[in-house]
Structures are given as structure tokens and as C-alpha cells.
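Everything on this sheet refers to the single structure shown next.
There are 2 protein chains.
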Amino acid sequence: MSDKTNEQNPELKAGQFRALTEEEIASLPGSPGNLGRRGFMKMGALAGLAGVGGTLLAGCGRASTGEQPVSSKAPAPAATGMPEDHVAPGKLDEYYGFWSGGQSGEMRILGLPSMRELMRIPVFNTDFAIGWGITNESKRVLGENFPRGGDLHHPHMSQTNGHYDGRYLFMNDKTGCRIARIRCDVMRTDKITSIPNVADVHGLRVQREPRTGYVFANSEFRVPSPNDGRDLDDPKKYQCVFTAVNGDTMEVAWQVIVDGNLDNTDCDYDGKYVASTCYNSEGAVDLAGMMQGERDWAVVFNIKRIEAAVKAGKFKTIGTSKVPVVDGRHGSELTMYIPVPKNPHGLNSSPDGKYFAAAGKLSPTVTLMAWSKVDDYFAGKLKDPRDAVVAEPQLGLGPLHTAYDGRGNAYTTLFIDSQIVKWNIQDAIDAYAGKKVNYLRQKLDVAYQPGHNHTSLGETRDADGKWLVSLNKFSKDRFLAVGPLHPDNDQLIDISGDQMVLVADAPVFSEPHDSVIIPSRLMAGKIKRIWDRKDPFFAETVAQATKHGIVLEKDSKVIREGKKVFVYMTSSAPTFGLNSFTVKKGDEVTVVDTNIDDIEDLTHGFCLSNYGINMEISPQETSSVTFIADKPGVYWYYCTFFCHALHLEMRGRMLVEA
Amino acid sequence: MSDKTNEQNPELKAGQFRALTEEEIASLPGSPGNLGRRGFMKMGALAGLAGVGGTLLAGCGRASTGEQPVSSKAPAPAATGMPEDHVAPGKLDEYYGFWSGGQSGEMRILGLPSMRELMRIPVFNTDFAIGWGITNESKRVLGENFPRGGDLHHPHMSQTNGHYDGRYLFMNDKTGCRIARIRCDVMRTDKITSIPNVADVHGLRVQREPRTGYVFANSEFRVPSPNDGRDLDDPKKYQCVFTAVNGDTMEVAWQVIVDGNLDNTDCDYDGKYVASTCYNSEGAVDLAGMMQGERDWAVVFNIKRIEAAVKAGKFKTIGTSKVPVVDGRHGSELTMYIPVPKNPHGLNSSPDGKYFAAAGKLSPTVTLMAWSKVDDYFAGKLKDPRDAVVAEPQLGLGPLHTAYDGRGNAYTTLFIDSQIVKWNIQDAIDAYAGKKVNYLRQKLDVAYQPGHNHTSLGETRDADGKWLVSLNKFSKDRFLAVGPLHPDNDQLIDISGDQMVLVADAPVFSEPHDSVIIPSRLMAGKIKRIWDRKDPFFAETVAQATKHGIVLEKDSKVIREGKKVFVYMTSSAPTFGLNSFTVKKGDEVTVVDTNIDDIEDLTHGFCLSNYGINMEISPQETSSVTFIADKPGVYWYYCTFFCHALHLEMRGRMLVEA
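As you go down the protein sequences, you meet chains A and B in turn.
Mind the numbering: the first sequence is residues 2 to 659 in our numbering, read in order.
Mind the numbering: the second sequence is residues 2 to 659 in our numbering, read in order.
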């Protein structure tokens, strides 16, 4: 890639965009008649690709050649002489990272800059260590017949007036069509909501102003409505909806039918709009069809108008769902469709509250739009939605997501080029207006194939311009060999200076899609280290015990009601309140264990050998599990969280009479 | 803790051991009539505790006071000025760490010295990212009706002549009574064996000489035999067995009935013996009973004699199992019972092949025994098994496990003191023989409550004395708050110099029990980065395809056999071989997906929305899943491993006719 990529393509006039030609698309791997991957690699560069040399090939390492505007640097030791990611033993990280666990179904808490994984929070997955999917408390969250896993993409923290407020984290399950909420005080999933009338839930963001408020979610896969076997192979009748969930109640507030499908989403800083990219405006059901149009669009939803329509009863319901569904297809006054170059992906609002960017994916451009122009459109002052575009900088191949530093710069991932490109927003606007100005600041090689990126506080008014992470899908040769399945590589980049500096490579299990980065000072005092006995998470179990006349903090007793047996016991290192209990084969047994230790980190476990049961009981927590005692014999239960020098001796027997 | 702890208790003569008194045990938290945890803390020191000040309290942070022989140090930058755990972006770690995932049920691969987690290998858990527990290939390993998880404790690599040979890793599931094997070439679990006649599987080690060979496993929980409802509450009739599994076939070779129960185990370097600690020689079923005796024992198994007994038919079988079970209780010529101070835990052989150490747990001592004395015993030359003891150094409170540096030093974790104590083996032997010598070298504070520790190559002849990890059960204040459940803290310690130097704190999810540390050069060329199409892991699926006339590398076809539908397709970025397929409600559908990309790290996924199905398909791999199409409608499948700029477009439809 030559220095020419730093400048706008001279062939194009300001305001024009340049998408891939059909010939170029036909050459994409997987397209009919392509050259095959290896042949494609040898092509070197795709002629005519908006002046940008390179290939559209993924998964083949760096395809670009030649000089970079500024090439990547080895990490520069800070003033202390220590590498920037170094956090000495016993020292604390300065930032939290809340990380998607992708198809693992979990969320993760990282510390930055060390990039250490501090904790896994089970959400859509089952987890034997914690008993997630096993305990009654977790099943109340997961619901009946919960699926075996989920595909968690986008974790975002609740906001108040555009600032993180430390209440909740929200996230989506793409495959299971669900939205989950994690309580930040105990860092546990407390609600999971199934979204009706959709075939997946992809992009997710939270309302910033006045607060969260709404959690917005995109549906990507178009299906018949209702999806009950009708119109099976009649894609013209398929449809797609946008969803708003009430973040306080976790009930679905309303849905909007759209044209095309949706991908990523973000909202403004004024509480008025939320926008989504659409990469398949064609409504196609195969790859070739999804790439036909020269342009797709970003669709903007007018929140106030939608609320008014719902209030006025201008909605329908679908199938058995009672969720109000309004029509936001072309021609609706509820929505605005802004044409952007084909197959856009990321959508990101700038922290100054002025702009939102849609990344081009199949175009080397990012399209920057102004919220003020959206005001104009809905006020009838802007006729052509395309006039909402204020810049369309050419950045490189495969732009996917954009992050911000709060100092007027944007950072866009280039999937195909395996780079982060830093560009200046005002310069890009000026260039679009015809000024001769170079908006590109730097291109940094990342390793390899970046998807999402994220800056510290970059999705809030408080963007501090300190850290950027590049969530790279491939790691290839960056870590020791671990077999055919490789980790991803999440790279930490210091953006506090004029130049981006790569600080650390962090291997991660499949597959972080997105993350947020929050200074630990904002969470100070908000996270509990010991459970409150009155916590709602196990309140239903406490109520059941009260009905049985049990005081959980001291009683260890067995209560039988016909074939139902309730086994109440305490845990206090190194003993269970009961050394043994006896049931009959076929009994439905509910074990309720209360950890009466009140010392930080003194967690107990209850694991029942050969019964597939384990649960974690942290200090002052109550956990319970219900199962059928279907095997006669002696079955030992034991503590699974090492709690004491006599931890091995912390065990007891379930005697199951034949 | 004063400097006096550096010397032997002058009250005791060499060869004597000093366990806790009944009064001291009564004061343990959880014991009847104890002072309560906080009251106990205030006691400060237990008078008369073998001259060692401190408390027996776990989970309360550091209980010891006063000076250390050598106190812990802040990490010292290496000669380069970089901290020792710093691995610059793109540089590779020098060591692999294979880490227990505890009750998460998985194994983990770490890189050292960075302590980065490079990969999770699902073993006894289910994992949605990989489809472990979902794919047919994984179900063939897990078996029918596999439990929902497992409690993985001890991963150990196969050896040849006392050197790691890079073939397999073996590990146990305590709760599910299973042993698993991971193939190191593809880093995937390929065999899981259920152990009969046991109620758990705890300690696990592998035969060193001539090779692995046997995998040895301890059972800890005594139960009736067979455990089918008989003798329910008659603990005298309970029994416990020791198990040897053939590491090549993964079939159980033989079992030995023992007195008491077993805990940890290790074998010699000559292929003759394997030894286990027993912490409950009393055969009790409650805590008080398990602490009654002044001494418990280590039991040594004579492998040749056991093999001969089995060959001679001197065995029985239990219940429906066909495994030969020999009697190794007191009086048997197959075993040797060596009295050691009460409730021992860890058992570790020294890499010079001469000794094995049992840690005291409720005694401040470690008992060192000589394999040569075991020879003498079985040859009739040693009458009192206790005479196998060659040293019994007093080290501090709560000694659990011992590791070695290959330079004659041992490193023992002190759970209660939250320290690692370094001591010299020959000096301890000399002191035991009556010489005035200080065998203690250093005590290093760790944070907090260490269980297992492990040195690089320390369980082989190649112990290189470079790294020590201390697997600490509590992290308390060492990391940012993440809620009531805390991570463990695995600390990396440089032992290459005269003094141990703490290098890094690594937070880890619950709960690493054990690990091995292996230089990456030993694994060079042994780990594949792309699957071989002839790999046995999916050979059964390939055979099924062949029967259907399918060439997996090119065919994408649907084959129907009555209500069974076989859907064969390829994956090649960014397309599935089939854009759609149609089935009828109630059909049993088998999807077989072959990743025909052959580029490193270009993994695909097959995720079927709303059907709880996801599977990973790495380059050149075939994965398959079988399910009932029980819901009519359009269900999209999509790729879950970001593979290409058009990854989002890599999807297709399953049409389920009502």
C-alpha cells in the first residue's frame, strides 16, 4: 500500500462514493467463478479498487504491501521504564474491560492495561463451576427449556445523561433471540428476555439520554411473519424488525418493521434517534443477491414518533405476541433511510454528540452523518436523506467499526488490510466539502483481521482518549501453537499521544465481538464483595425456607412433603451443616445451601458426586438445586471451592434408599 | 512468625513428628465449640503448635506475624530492564502451561512467563463455542447420557523414561469418576473413561518408566461395594480402591482395595511403585472422626506384584464390572503402609528419582521417604515401614504440596501461612539424622492460601529450576472487585536464583488445582495447525458420508432415508455449500459440515438459530450434529467464527415444513 492511500482518490469528486464493481465482487472468494483462494492471493492487488492496492481476501494474513503512512511500532516503555501493560503483582488495573464472550455465551471482565481476565460471568451458557443452568436461582433467570448456549455479541453499560452509571450491563444472544442484563453490584445475570417476532438479535446499544431507558436491538435475519411454517420459501414476504426493550423492566416496549435487514446500531446523545446499518437492502437469501445493489442504507428511527404511534394505537401485533409493532418501512414518517455504500457494518456515534458513522465493508469508505441533518429531515427541511452525509473519507479495505478519542479523531478497523486507521473528523468533513486536506493521521498494523474496536469511555461523553482495543479475529502466528483452533488476538493500543502505539497482544477464547472500557474509579463502591442476605437473586428461595419455618442462617434440617424432600444446610469452613441426609429412590430432592461465612472470598461449593450437580455459594449467599434421586446408594457431596486447610474433609453423604 | 521457625522444634527429637493436639483441633473453625472465625483470628497464635506461631485459619488473609527469613520481594526487572513476565507483542512465550480448569470441567493452555490463557480445551464440560457436548464427534468421546459437567483436577503429560513425550495429557473428573485424555497433536479430548467401583476420582499421575503406560488414579470417597443401596449407613463396610488405567487403550487395567481413603498420588522413576496419601485412615464419615488418629499413612503399591497377582487370577470383580480388583489392605504383600503425620495431602516424587514427599496438612511437617527403602521393605529387609522416612522437616502451617528445582531444593506450599517455603533436601535428611543444620532456605509470602504448586519440568528428570507457580485459592484484594465470587490467583515465581522472586499475579477462573509447565521447544513440531483429513477424530463421520456416496471435500447434498435427513455441506469463506435445505417437522436431521479452507486459523462455525446448536469447524475439519427439526418455519444457519469481510453474509436457511 503506497502513501497515496493517505489521500483521497483523485478520480472521485467530494461527495462521491466508490463501491466495488461487479467484477471485483465476482472475484471475492466464495463467489461463483472466482479464482480460488490461493490464486486470488497471487493477484496481489485488485486493479481499480478506489486507488487502494490490496485484495479482498480474508484469513490470509496481510495482503497489503509497501509502505505505511506510519508503520506499527514495538511497544515503547513508559517513563518508568516499564512496558505500559505491566501491572506489578498486587497492583490494580486502572480500567475495567467488559468483554463479549461470543459463542461461548458468557461475558468476561478484564483488567486494563494488563489485559488479564478477572472473571467470567455466565449469561447464555451453562457453567458447571457456578452451577449456571443447574441451580434454581439461575433457572429462574434462564427460563424453562433454555437453549444449551448462546452467541453473545455486544455488552454495553447503562448510561445516564451520556455517562456510564454502573447499574447494569446489557447484551444480546444472536442465535437465541435474547437480551440479557447483568447487575453490576454483584456481577451476575439477573434477567433474560426473549425477543418475539425475530429470527436473531444482533446489534445492541443502550439509550444515553436521559438514561437507559431503552435497550435497542437489531434483527438481521428476515423470516416469515409469524414464522410458523407459512411463506417458507417466499423471501419477498419475509420481514425484519427493530426492537426496543425497557431496561428497567426488561419487557419489550415496541418493535418496528423495516425494509432490508439490520446489522449494527447506535443512538444519539439527545434521546431522539437510534440508527442501524442495513447490509442486505436487497432482501436476498444468498451471497450474490446480498451484494447486488450499489448502495444499502442506514435507517434512523424517530423514538418520539414511534412512542406516539404506539400510544395512538397505530400498531399491530404478530402471532401470540402482545408487543406493539409499528410499520417503519420506506414511506413511513417514523424512519429515515440514508443511502450508504454497499454492505455497511459498524455504526458508531461520536462522543461530541454530533455525528454517526457507518463503515463501508465492501467500500473503502466510512460514511459520516450528522444528527442535526436528521432533525432537518424529520422537520421536512431536508428532502434527500443522502444529504445527511457530511463526510465520506476513504480509509482502506474492509472498514468495519469506528471508535473515538474525544479529541476529534476517529479510529476505524480495516478488516482486509489488518489495520487501524486514525483519521480526523473535521478534516474529513472539510475534505468532503472540497477542501484540500489530508484527514488521515496514521495507519497501524494489527494482527490480524480486526472486527470491533473500542476506546476507553469512547461511547460516552467522557471519552478520555487513553486506550484503544482492536478485537482481531485471527492470531495465526502471534502465539504458541495450540492446535487447529486458534485464539483471537485482542490488541491493546495506547492512543494518548499523537501516534497509536501497540502495547500488548492478548489471546482470547472464541470470540469477543465487542467490549467497553471503563475506569475503575467510576465503579468504586458499586461492586459488592459479599452478598446481602436480602438480595433479590435468591429471595424466592428464602421465601420458600420461611414457609418451611427455616432460618437459613442457622438451620440445617430435612423437611419432607410426600415425595418432595427439602434439604436445608449451612456451609461454614470446613463443614456442611449436615453430615448426611437420607432420601428414597425417586424422591424429588431440593438442596438449599447457605454460606454463613462472611469473610471476603470465602466461597463454598456444593458438588454431588455422580449426579452432575455443582453450585457455587459465595459468602452470605443461598443457592439451591432440585433433582430426582434416581440412583440408590451412597453419594458424597463435597465443597468445590477450596475454603480451608480441611477443605478436603468438608463433605457429607446422601444416602439413597433403594 | 519468628526466625525460630527456620529451625527444627528443639522439643522434638529427630524422627519424631508432632501433629495437632485434640485441643488445637477443637479450636479449628467449624469444629464443635470453637471460638468462631473472628474470635479465632484474634487468638493470634496457637500455643504449643510445634513451635510455629500463627493460626490454623483459612480464608482470612495472612495470619502469621513477625519477620520472615526472607520476605517477599517486588518483581525485579531483568537485565533488559523489562519485567520478567513481559512478552512483547508478537513474541512467543517460552513455556506452555497446561492448567486444570477445576469445576469448570475444562483444561486450559497458558503461555509462560506471560501467564496469558492461550486456549480452553473442553473436557468434562459442555462448550457452545466449540459445540462440545453438541456435535456427534464430541458425543462419541463423552458417551451417552454424559453429566452436565465435571471437576477436573490434575492434568499430567505422558512420559517416556521420565521425560515428557508430547503425546497425551491425562486428567481426572473428581465428581464424575472419569479419566480423560487430550491428544496433544490437535489439543482435543479424544477419550473419556468411566472408572467403575469408585465414588470419585481424585489424585492422578502418570507412569514415568519405561513410559505412560499406566495412568494412576486415587479414589477418595469410601462407599458400599457395590454401591447399589446395600450397607447404606454402615461405614465399616465401605471401601475405597486405587485404579490403574492403560494410557494407550484408556481401558481400566486393575484396581486395588485399600484401607482408609486416598488423596494424592505419584510414582517413582523406575516403573516399580506408585504411592498415595491417605488422610482418613479412620474410615470416618465426619470431620471429627477424620482427625482422630495421630497418624495417617502413605500407601505404596508394588506394580509388578499387582500385575503378577492379576495374571495369577488372584482378584475379584465387583458388581457388573469386569475390572480385576486385588486386595491391598493391611497385611497384603502388594502394598506398604507408611505412617505419616495426620491428614497428609500432597505426594510428590523428587526428580532425582530418590525420594517422595507427603505433606502434613495438620502437621507443620513434610515427610520425606526413600524409594530405596521401599525396595528394602518389599525385599523383607525393612521391618518397620516408618523406617522408610529419611527426613521430616518442620516447615510451617498447612503444608500441602511440594515441587522441586532439580538442584536439590524443594518448595512446599503452606496453605495457612500463605507462603512458599524453600528447603534443601540433603540438609533436611542430615537434620533428621541428628546433624545441626538449617534446611530452610527462604519463605516467600504468596497471596493467598496456596494449594498445588508446580515447577517447570519439575515432575520429570529434566527439572530446570526456572519457574514455580503457586496456585493460590484466594485473591481477596489483589485484583479489581468483580463481585462476591473472586478469581483465584496463580502467582509466577522465578526460582532460577538463590532467592525466589515473585514475578506476576494471574487471576484465574475457578479453580485451577494443578498444572504442568513445559518448554515450548519440547512441543515444537508436535502440534498441528490444520487438521489432517484422515484424522480419527471425525473418521466415523467420514465413513458415514462414504456410505452415502458423498465426497465431503466437494459435495453439498441432502440425502433422505425415511425420516432421517443427512445434510452434507462444505464451508469455504464466505459461503456454505448449501444456501438452504428443506426438511419436514419431526425429521431427524444430521448436518455434516466440512471446512474446505486450508489456511491456518480460518475456522468456520455452523450455528442454527433458535435450535441451540453451534459447532466449530477448523480448517480441513469435518463436524456434525444430529437433532430433531421440531419447530416449523425458516431457521437461518450462520458462520460463528469471523472468517471473511463477508462473514455476516455467510448464512443459509433451514426450511422446516409444518
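Ideal Cβ positions, reconstructed from N, Cα and C, are used throughout, including at glycine.
Below-7 Å beta-carbon distance, residue i vs any chain A residue
i, result
"B:H487", "yes"
"B:N228", "yes"
"B:R117", "yes"
"B:C608", "yes"
"B:D506", "yes"
"B:K467", "no"
"B:M655", "no"
As assigned by DSSP and simplified to three states, the class of residue i
i, result
"A:E107", "strand"
"A:M291", "helix"
"B:F222", "coil"
"A:W133", "strand"
"B:Y280", "coil"
"B:E617", "strand"
"B:D388", "helix"
Cβ-Cβ distance between residue i and residue j below 7 Å
i, j, result
"B:N173", "B:H157", "no"
"A:E622", "A:W532", "yes"
"A:S220", "A:V242", "yes"
"B:E658", "B:I629", "no"
"B:I597", "B:S573", "yes"
"B:G329", "B:P345", "no"
"A:L503", "B:P90", "yes"
"A:I618", "A:D594", "yes"
"A:T456", "A:L469", "yes"
"B:W255", "B:C279", "no"
"B:C336", "B:F357", "According to the sequence displayed, residue 336 of chain B carries Thr and not Cys. No; because the gap between Cβ atoms is not below 7 Å, this pair is not in contact."
"A:G613", "B:P386", "no"
"A:R117", "B:P508", "yes"
"A:F171", "A:V142", "no"
"B:V375", "B:A392", "no"
Residue i, enclosing alpha helix (DSSP H) - first and last residue
i, result
"B:E138", "137 to 143"
"A:T542", "540 to 548"
"A:D166", "A:D166 -> not in any alpha helix (DSSP H); beta strand (DSSP E) instead, spanning 164 to 174."
"B:S373", "372 to 379"
"A:V483", "No alpha helix (DSSP H) holds A:V483; DSSP gives it neither H nor E."
Short CB-CB distance (under 7 Å) between residue i and chain B
i, result
"A:Q160", "no"
"A:L47", "In this prediction, A:L47 has a pLDDT of 30, which is less than 50 and means its spatial position is unreliable; nothing more can be read from the coordinates."
"A:A285", "no"
"A:W532", "yes"
"A:V224", "yes"
"A:L93", "yes"
"A:E601", "yes"
"A:Q420", "no"
Span of the beta strand (DSSP E), counted from its first residue to its last, around residue i
i, result
"B:L523", "Per DSSP, B:L523 belongs to no beta strand (DSSP E); it is in the alpha helix (DSSP H), 521 to 524."
"B:I183", "179 to 184"
"B:K586", "Unbroken run through B:K586: none, as it is neither H nor E."
"B:E210", "Taken as a continuous stretch (DSSP letters only), B:E210 belongs to no beta strand (DSSP E), as it is neither H nor E."
8 Å CB neighbourhood of residue i in its chain, flanking five on each side removed
i, result
"B:P575", "C640, C644, H645, A646, L647, H648, E650, M651"
"A:E107", "R121, I122, P123, V124, F125, N126, D128, L153"
"A:K237", "G284"
"B:M188", "I110, M120, I122, I528"
7 Å CB neighbourhood of residue i in its chain, flanking five on each side removed
i, result
"B:M251", "R182, K192, T194"
CB contact below 7 Å: residue i versus chain E
i, result
"B:D234", "This model lacks chain E altogether; the protein chains it does include are A and B."
Contacts around residue i, its chain only, beta-carbon distance under 6 Å, and the 5 residues preceding and following it disregarded
i, result
"B:A411", "T403, Y405, W424, I426"
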